[in-house]
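**Student:** In the order they appear, the protein sequences are chains A and B.
At position 81 of the first sequence (counting the first as 1) the number is 81 in the working numbering, and the numbers step up by one without a gap.
Position in the second sequence (from 1) plus 112 gives the number in the working numbering.
Think of the CB as a built atom: it goes at the ideal place given N, C-alpha and C, for glycine as much as any other residue.
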Amino acid sequence: GESVGLHLPTLSVQEGDNSIINCAYSNSASDYFIWYKQESGKGPQFIIDIRSNMDKRQGQRVTVLLNKTVKHLSLQIAATQPGDSAVYFCAEAQSSYDKVIFGPGTSLSVIP
Amino acid sequence: ETGVTQTPRHLVMGMTNKKSLKCEQHLGHNAMYWYKQSAKKPLELMFVYNFKEQTENNSVPSRFSPECPNSSHLFLHLHTLQPEDSALYLCASSQVRNQPQHFGDGTRLSIL
Numbered sequence: 001g002e003s004v005g006l007h008l009p010t011l012s013v014q015e016g017d018n019s020i021i022n023c024a025y026s027n028s029a030s031d032y033f034i035w036y037k038q039e040s041g042k043g044p045q046f047i048i049d050i051r052s053n054m055d056k057r058q059g060q061r062v063t064v065l066l067n068k069t070v071k072h073l074s075l076q077i078a079a080t081q082p083g084d085s086a087v088y089f090c091a092e093a094q095s096s097y098d099k100v101i102f103g104p105g106t107s108l109s110v111i112p
Numbered sequence: 113e114t115g116v117t118q119t120p121r122h123l124v125m126g127m128t129n130k131k132s133l134k135c136e137q138h139l140g141h142n143a144m145y146w147y148k149q150s151a152k153k154p155l156e157l158m159f160v161y162n163f164k165e166q167t168e169n170n171s172v173p174s175r176f177s178p179e180c181p182n183s184s185h186l187f188l189h190l191h192t193l194q195p196e197d198s199a200l201y202l203c204a205s206s207q208v209r210n211q212p213q214h215f216g217d218g219t220r221l222s223i224l
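#1: Any residues in the region 40–53 of chain A with a beta carbon nearer than 8 angstroms to a beta carbon of chain B? Which ones, in chain order?
#2: Does E168/B come within less than 8 angstroms of chain A when only Cβ atoms are used?
#3: Okay, do the region 65–77 of chain A and the region 20–28 of chain A touch, 3+ Cβ pairs below 8 angstroms being the bar?
#4: Determine, using beta carbons only, whether Q213/B comes closer than 8 angstroms to chain A.
#5: Measure the beta-carbon distance from G115/B to L133/B and round it to whole angstroms, keeping in mind my assumption that it falls under 8 angstroms.
#6: For chain B, is any of its Cβ atoms less than 8 angstroms away from the one on S85/A?
#7: With a threshold of 8 angstroms between beta carbons, is E165/B in contact with chain A?
#8: Identify the contact partners of G216/B in chain A, using a Cβ-Cβ distance below 8 angstroms as the criterion.
#9: Among residues of its own chain, excluding the 5 on either side of Q149/B, which ones have a beta-carbon nearer than 8 angstroms to its beta-carbon?
#10: Along chain B, which residues have their Cβ under 7 angstroms away from the Cβ of A93/A?
#11: E15/A by DSSP, collapsed to three states: which one?
#12: Strictly below 9 angstroms CB to CB, what residues from chain B border I34/A?
#13: Between K71/A and A24/A, how many whole angstroms is the CB-CB distance? I'm expecting something under 8 angstroms.
#14: Does the CB of V62/A have a neighbour CB from chain B at under 8 angstroms?
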């Protein structure tokens, strides 16, 4: 069936380095993609989103890249900080439906 | 303050009990969602309400019964649950469907 998956379940990076979290999706009809961050004991928090008419979008220290040709999504975090340690989820959706499908998540650990 | 408040934060109940989870959002959103988050599994969408009308029931067992009396409140009524229903139940809201969702911090449910 259609699904969203992550290439790496865990990622460790040195503080100050850049982090890249990858996500593959299989539903070519998806046109809206979101990244969420979930810290321990809290609900997911929206980070950034991108629609299929774009291939790059930047926020504060974060950049999302969308490659529709290979159905790949990535989240880049610049100058990673200890507070960035969390589980990161990508999610996909179709504009005409309510359903958002979440990937299994990648755990990011920042080494001081 | 996330804008989405869930109560209780923790709930332990027996399989024959009846309890309800409550979600309240202070963001003026029109869509509300219930998700189930189990260990090592992606977030599972359970129910979607759009302008107080249920628009999605993702094959959820009837022992889970949602209620949305107004756009600000969402309930999940529980009865005769099974041990495999132990999980973190997350509520979310969005301005309209397929906009970024704001999550509460969840109710950690344990079924004895």
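**Tutor:** If we stick to the structure as given:
#1: G41, K42, G43, P44, Q45, F46 and D49
#2: yes
#3: yes
#4: yes
#5: 18 angstroms between Cβ atoms; not a contact.
#6: no
#7: no
#8: G43
#9: L155, E156, A199, L200, Y201, L202 and G218
#10: N210
#11: coil
#12: P212 and Q213
#13: 6 angstroms
#14: no
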